[in-house]
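Comments concern the structure below.
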Amino acid sequence: MCLYACYEAATVPGKQMSIDLVTLNERHLLEEMLHFLNAYNLHCSVYVVPRLWDIFLGKLSKSASLEEILSFQNSFFADTMAQCFLPDPEFMDLLSNLVTVIQNFTTDEVVIIFIDWDMFSPDSIYLFTGN
7 MCLYACYEAA TVPGKQMSID LVTLNERHLL EEMLHFLNAY NLHCSVYVVP RLWDIFLGKL
67 SKSASLEEIL SFQNSFFADT MAQCFLPDPE FMDLLSNLVT VIQNFTTDEV VIIFIDWDMF
127 SPDSIYLFTG N
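Here my numbering is used: position 95 in the sequence shown is 101, and no number is missing along the way.
Following this line, the structure appears as C-alpha cells:
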C-alpha cells in the first residue's frame, strides 16, 4: 500500500510544470520531495524486490513441501519489509506524512508561506491549509 501511495504521489507533479507556481521556492520544494519519493521507490521496486524475488523463486523450485514454501514466502516478506524500512514505525509515519504533504501541495490544499527569518521569530512561520 505504501509503495503504491509513493508511486501515486510521485505521478501527480502537474503543479510542478504549471504556470501557477508563484515562486521558485515552491518548485524547488516540490522537486526535493519528489526526488526523495522517487529514490525510495527506486530502491524498493528496482533493487530490493526483484533481487529477493529471484532468491524466492530459486528456493521455491527446490521446495519439497508446503511448509517449506510457506517458510520461504515468510522469509521473502520479512526480508523485503526489513530492506525497505517498512517495519520502522517512525520511518513509515514520516513517509506517510510526506506523501500526504505532496498530494495536498500538488492539489493546492496546502499553501506554504516563506518568511524572512531576519524580520520575524521562528514562531511567525505558519503552514496554512485550505485555498
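Think of the CB as a built atom: it goes at the ideal place given N, C-alpha and C, for glycine as much as any other residue.
The alpha helix (DSSP H) runs of length 4 or more contained entirely in the stretch 53-81 are, from start to end of the chain, 55-67.
Linking Ile108 to Ser67 through their CA atoms gives a straight-line distance of about 42 Å.
Under the criterion of beta carbons closer than 8 Å, Val54 and Gln79 do not qualify as touching, at roughly 16 Å.
Counted as a single uninterrupted DSSP element, the alpha helix (DSSP H) harbouring Phe42 occupies residues 30-48.
For the 7 Å CB-CB criterion, Leu58 and Thr86 form a contact. Following the DSSP letters along the chain, one finds Leu101 inside the alpha helix (DSSP H) bounded by residues 95-112. Proximity of the stretch 36-53 to the stretch 89-104 meets the contact definition, three or more beta-carbon pairs being nearer than 8 Å.
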